[in-house]
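Here is the structure we will look at, set down as structure tokens.
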Amino acid sequence: MKSMILRYLHAYLIGGLGTVFALSMASVSAEDLHIAVAANFTKPIKQLKQVFEGNSKHRVIISFGATGQLYTQIKHGAPFDLFLAADMKRPKMLVDDGMAVAESLLTYAVGKLVLWSPQALDLQANVLRLGKFNHLAIAHPKMAPYGTAAKQVLEKLELWQTLQGKIVRGNNVSQAYQFTATGNAELGFIALSQYKAIQGNSRGSHWIVPEQMYDPIQQGAVLLKKGQNNPLAKAFLAFLKSPLARQMIEELGYVEPNLS
Numbered sequence: 678m679k680s681m682i683l684r685y686l687h688a689y690l691i692g693g694l695g696t697v698f699a700l701s702m703a704s705v706s707a708e709d710l711h712i713a714v715a716a717n718f719t720k721p722i723k724q725l726k727q728v729f730e731g732n733s734k735h736r737v738i739i740s741f742g743a744t745g746q747l748y749t750q751i752k753h754g755a756p757f758d759l760f761l762a763a764d765m766k767r768p769k770m771l772v773d774d775g776m777a778v779a780e781s782l783l784t785y786a787v788g789k790l791v792l793w794s795p796q797a798l799d800l801q802a803n804v805l806r807l808g809k810f811n812h813l814a815i816a817h818p819k820m821a822p823y824g825t826a827a828k829q830v831l832e833k834l835e836l837w838q839t840l841q842g843k844i845v846r847g848n849n850v851s852q853a854y855q856f857t858a859t860g861n862a863e864l865g866f867i868a869l870s871q872y873k874a875i876q877g878n879s880r881g882s883h884w885i886v887p888e889q890m891y892d893p894i895q896q897g898a899v900l901l902k903k904g905q906n907n908p909l910a911k912a913f914l915a916f917l918k919s920p921l922a923r924q925m926i927e928e929l930g931y932v933e934p935n936l937s
């Protein structure tokens, strides 16, 4: 991963974007940047953070969780500057509640849902219909957009009620992944980005769920009112829209959003 970060940073600087970024950062104080990030975006945000921080003295501090949980924390006064959710609903709700800056709202990624097993199986919808497994892990539909998507897939297959006794719910998609990776569930609905991060033979088998089986997982970012006077927060949002960041996000398992 380190070599990948260095490659991105080199491209960032050589491409001229680094010069612009350096000039914009020159006026930024040594303030930290606090970002609330949906759990599915763990690996991408860590790589983006390293490129963004570069050689500066600025720190990006990240808190991960289910989108619904992070939204609740923000509503109760958690000191975040930016919110990178796994849906557009919660960022828009924060705008409506006067807790986020409307003009800053953007779709930074579009997620893909995967059915995954560490075992070598012929994964497709028929595996779910046959039901020859004890547990299926999903993120909780009420707290995590990837859980909502998983529920929609099962409803489309008319299996949501049938499989209730086998479904184990994680607070977020990272927990659904952990349930599956540790063998507590034979199958799990996870993010494509999580599957891409799995190393070597532990990848097992997967089925990329057809996009028409669930609503688009449009992931929204927004500047929170607590961070509107932090230039670093605005700089990071600008960085998210850069060609470099978009390339990184796409390579890590997301569909590139239309930012025009």
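In the numbering used here, the protein residues as written are 678 to 937. We put the CB at the ideal spot given by N, CA and C, even for glycine. The model shown is predicted, which means the values in this text are computed figures rather than measured ones.
query: Nearest-angstrom beta carbon gap, A816 and A853 [assumed within contact, 8 Å]; result: 5 Å
query: Buried or exposed (CB count within 10 angstroms, at least 16 for buried), Q659; result: The chain is shown only over 678 to 937; residue 659 falls outside these bounds and no answer can be derived.
query: Nearest-angstrom Cα separation, counted from A814 out to R846; result: 6 Å
query: For E927, three-class secondary structure by DSSP; result: helix
query: Cβ-based neighbour list, K789, same chain, cut-off 6 Å, excluding 5 preceding and 5 following; result: L869
query: Cβ shell of V932 (< 6 Å), same chain only, five flanking positions each side left out; result: V787
query: Proximal residues to A910 (C-beta, below 7 Å), its chain only, five neighbours per side dropped; result: L710, D758, L759, L900, G904
query: Straight-line Cα distance separating F718 from I844; result: 23 Å
query: Distance, V791 Cα to I885 Cα; result: 5 Å
query: Span separating the alpha-carbon of R880 from that of D799; result: 13 Å
query: Enclosing alpha helix (DSSP H) for Y891 [first to last residue]; result: No alpha helix (DSSP H) holds Y891; DSSP gives it neither H nor E.
query: CB contact flag (N861, A821, <7 Å); result: no
query: Cβ neighbour criterion (16 or more within 10 Å) applied to A779; result: exposed
query: Straight-line Cα distance separating K902 from S706; result: Its pLDDT being 48, under 50, S706 is placed unreliably in this model, and the coordinates cannot settle the point.
query: Opening and closing residue of the alpha helix (DSSP H) in which L914 lies; result: 908-917
query: Segment limits, beta strand (DSSP E) that includes G742; result: 737-742
query: Neighbourhood of G824 by C-beta distance below 6 Å, restricted to the same chain and skipping five residues each side; result: I815, A816, H817, P818
query: Assigned secondary structure, F856 (DSSP; H/G/I helix, E/B strand, else coil); result: helix
query: Reduced DSSP category for G775 - H, G, I as helix; E, B as strand; rest coil; result: coil
query: Classification of P934 by the beta-carbon crowding that lies within 10 angstroms, buried from 16 upward; result: buried
query: Minimum C-alpha distance to A858 - residue among L834, Q841, H883; result: H883
query: Residues near T839 by beta carbon distance below 8 Å, same chain, minus five either side; result: G808
query: Beta-ladder partner(s) of V714, from DSSP; result: F741, L761
query: Limits of the unbroken beta strand (DSSP E) element including V787; result: 783-788
query: Buried/exposed call for R767, threshold 16 Cβ in 10 Å; result: buried
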